[in-house]
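Note that the protein sequences, when read in sequence, are chains A and B.
Reading the first sequence from the start, the letters are residues 1 to 309 in this note's numbering.
Reading the second sequence from the start, the letters are residues 1001 to 1360 in this note's numbering.
The C-beta atom is built at its ideal place from N, Cα and C for all residues, glycine as well.
A quick write-up on the structure given underneath.
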Amino acid sequence: MELIVPILAAAVRSGTPILYATLGEIMTEKSGVLNLGLEGIMLIGAYVGFIVTYNTGSPFWGLVAAFFVGMAVNVVHAFLCISLKANQVICGLAMTMFGTGVSSLLGRGYVGETIAGLQAVALPGLSSFPVVGPVFFSQDVMVYISYLLVFVVWFLMYKTKFGLMIRAVGDSPLSAEAAGISVSAVRYASTLLGGGLVSLGGAYLTVVYSHMWVDLMTAGRGWIAVALVIFAIWNPLRAALGSYLFGGVEALQMRIQAGGTTVPAPLLMMLPYILTIAVLVVISVFKGRGRMLGAPSALGLPFYREERE
Amino acid sequence: MKRSVLIVALLMVAIFCTPLMAFEAIPADKLKVAWLYNGPIGDGGWTYMHDQGRLDVEKAFPGVTTMYVESVPEGPDSVRAMENFIRNGAKLIFATSFGYMDYVQEAAGRHQDTIFMHCSGFKRAHNVGVYFGRMYQSRYLTGLVAGSMTKKNVIGFVAAHPIPEVIRALNAFALGARHANPNVKIKVVWLFSWIDPGKEKEAAKALIDAGADVLGMHANTGAVPQAAEEAGVYVIGYNNDMSKYAPTKHLTAPIWNWGAVYKYTVGKVIDGTWEPEDIWWGLKEGMVDIAPYGKDVPESVKELVESERQRIVSGKWDVFEGPIKDNQGKVRVEKGQKLTDQDLISMNWLVEGVEGELPK
């Protein structure tokens, strides 16, 4: 137990930024918009979270600012992909490059600075449970919010009218349009909300995780989130599982190394991608049999009004 | 007949040797110097320290114009970046990463009147010199501090990639630690990443959980010192003084001082005495050093470091002098022998006291 608890606690810690990004991307993709710009948006979120916290001294405002700036940046992606019907893959890649460049340029003056950041708070009562307490309830506020968020996103997606609209627009925009839903408006809303969450995932890295800004500090987490969306088959609950699994693999391999045994670390690091490929295979097999699992059928396809098939 | 042959021969020598002779002196206010960086200055580590060296040049030679380009990939693009510098009047170019080696040769071949200095490589030409620092000497000194400060005799080391540069650093650190305290064990976590503060912090936590009460590192950000401060264990930074991230727990850090070689080279170019040297400087020349001590480092440890530093600076002894065993028990360096620079550049084994094997 003494060995496992720190690993699981580390799994939750390092899984959380990825979880935010994955949830954000699920929201966006469910409406049929693919956003491959996660890495860039996370970097912008990390940067904004850091400078606002640095200048105001308040992690709260840092996180709030990161959320809204993430939304604002995603307006560009939404406008290009939804209004101008540009190629979503290319737009997403451009967003990654843009986010990387702009955060690096603007962040130059902040390298080497530190902030107090958000500290862990053990939840009274809950944290005294064995195993579960130290693993899940001795973390920081953003981790607790992410637990809620998993259920909120799930509830929103499957139990509310807005969620139904998002799914309708992502699966069959034509039918949704016929039912009187504005495809563009719904897609805009979910792309912006999703962008805000992705940006929060980036801000988690600076404001909560390591209280500093370094260029390129997301180190591929945006891409892992893109992969995890597929791994989770667009389901928020499975996204949490996937994020913690990935965080856990990393925590585990480091502890094996620290114990003096050498593990083929690159092999373990491939794990989330291997799992993703496996899930892709499963999805394709089911698709061939006419079942869509969770994948939005109109993902990546621009919608033209009044166009008939 | 003989005489004309001699004259022709002399002429030939004169023609062919012209490029080999010293470059003309360039007055400081006419000299433009350029730096090619493989990372962003914002990395706070490698490129940041090179840029500090560039700023040292600006301070030391007010007339000299400096320029730089960041994040240039170590590929054919770098030639274009160098051509650009030359078009803008650069007479001296520093290429600050190993991967530029062949591209520096290419650009230098085309621009015989421009001087190139390549960091950490081994290919020279009449207008290409190479330079690097004996960081392992500073690593050894900080290892002495780590070995003296551990109570549990377990030191953790967060390492970026298993390449010779990092292995050399780890080994020198371990030799220092075990010189100060022969019972010390060094546990290592390899990151397989150059910049990832999140991962660096997790690695530090894993090592602390495994019992380490002093941490060393070859990673680029201040995440390891931060984790050490939070957990209340001592830490030794890298690249520059990282005490900002661990105000009470930072002991010292091996640091770069590229300004030493940059000022030296620019001075030589201004005087017209530049030659394509192979510069591998260490503590003696001030190219590497250690950061100011944290308040917990006792006088006795500082004295030990000082006496070992004198041993290295005097040239009587260097870090990788035998007997040295690897961590499988095999003698790698016999007593009285010393690793050559070539051995150091290609080091691929771990010294006694370091746990684990090198990842393959």
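Classify Thr1340/B as helix, strand or coil using the three-state DSSP reduction. coil
Integer-rounded CB distance, given that Gly1322/B should sit under 8 Å from Val1333/B: 4 Å
I want to see whether chain B comes within less than 8 Å of Met142/A, judged by CB atoms only; does it? no
Bridge partners of Asp1326/B, per DSSP? Val1351/B
Could you tell me which chain B residues have their CB closer than 8 Å to the CB of Glu250/A, listed as they occur along the chain? Lys1199 and Glu1202
Using only the alpha-carbon positions, how far apart do Glu309/A and Glu29/A sit? Caution applies to Glu309/A, whose pLDDT of 49 falls short of 50 and renders its modelled position unreliable; the model cannot decide the point.
Coil, strand or helix - Ala1108/B by DSSP: helix
Would you mind giving the Cβ-Cβ distance between Leu205/A and Gly1198/B, rounded to the nearest angstrom? I have them listed as a contact below 8 Å. 6 Å
What residues in the segment 1169-1200 of chain B have a beta carbon less than 8 Å from any beta carbon of chain A? Lys1187, Val1188, Val1189, Trp1190, Phe1192, Ser1193, Ile1195, Asp1196, Pro1197, Gly1198, Lys1199 and Glu1200
Chain-order list of residues whose beta-carbon lies under 6 Å from that of Leu8/A (same chain, five-residue window excluded): Val135
On a CA-only basis, which of Ile145/A, Val208/A and Ala189/A is nearest Pro163/A? Give me that one, please. First, the amino acid is wrong: residue 163/A is Gly here, not Pro. Closest by alpha carbon: Ala189/A.
So what does DSSP say about His1118/B, is it helix, strand or coil? strand
What residues in the segment 1131-1165 of chain B bring their beta carbon closer than 9 Å to a beta carbon of chain A? Gly1156
Against chain B, which members of the segment 93-118 of chain A pass a CB distance test of less than 7 Å? Ser104, Gly107, Arg108, Val111, Gly112 and Thr114
Once DSSP output is grouped into helix, strand and coil, what is the label at Arg1332/B? strand
In angstroms, rounded to a whole number, what distance separates the CA positions of His1250/B and Tyr1140/B? 17 Å
Flag Met71/A as yes if its beta-carbon sits less than 8 Å from any beta-carbon of chain B, otherwise no. no
Shortest alpha-carbon distance to Gly1329/B belongs to which of Gly1353/B, Met1242/B and Leu1339/B? Gly1353/B
Per-residue DSSP class, three states only, for Pro1447/B: The structure shown does not extend to residue 1447/B, since chain B is modelled only from 1001 through 1360, so no value can be given for it.
Would you say Glu1352/B lies against chain A (beta-carbon separation less than 8 Å)? no
Give me the Cα-Cα distance between Val102/A and Asp215/A, rounded to the nearest whole angstrom. 10 Å
Going by beta carbon distance, what residues of the same chain come within less than 6 Å of Thr96/A, once the five residues before and after it are set aside? Gly37, Glu39 and Gly40
Cutoff 7 Å; reference Tyr147/A; Cβ partners in own chain excluding five residues on either side: none
Euclidean distance between Cα positions of Pro1254/B and Val1313/B: 16 Å
Helix, strand or coil at Ile1026/B [DSSP, three-state]: coil
For the segment 1254-1302 of chain B, list the alpha helix (DSSP H) runs that are entirely contained and at least 4 residues long, ordered along the chain. 1259-1271
Let me know if Gly1053/B comes out buried or exposed under the rule of 16 or more other beta-carbons within 10 Å of its beta-carbon. buried
Check Glu309/A in the structure and name its three-state DSSP category. Unreliable positioning characterises Glu309/A in this predicted model, as indicated by a pLDDT of 49, which lies under 50. The coordinate reading is nonetheless provided below. Looking at Glu309/A - three-state DSSP - the assignment turns out to be coil, as it is neither helix nor strand.
Report, in whole angstroms, the separation of the C-beta atoms of Val1301/B and Gln1137/B, which I expect to be a contact under 8 Å. About 17 Å separates the two Cβ atoms, so there is no contact after all.
List the DSSP bridge partners of Ile1155/B. Ile1186/B and Val1214/B
Since I believe Ala1159/B is in contact with Leu943/B (beta carbons under 8 Å), could you give me their beta-carbon distance rounded to a whole number of angstroms? Any question about residue 943/B goes unanswered here, given that chain B covers just 1001 to 1360.
What span of residues does the alpha helix (DSSP H) with Thr1047/B cover, start to end? Trp1046 to Ala1060
Verify whether the separation of the beta carbon atoms of Thr1252/B and Ile1270/B is less than 8 Å. no
Positions along the segment 1236-1269 of chain B whose CB lies within less than 7 Å of some CB in chain A: Lys1244 and Tyr1245
Does Lys1123/B come within less than 8 Å of chain A when only Cβ atoms are used? no
Consider the Cβ of Val131/A: report whether some Cβ of chain B lies at a distance smaller than 8 Å. no
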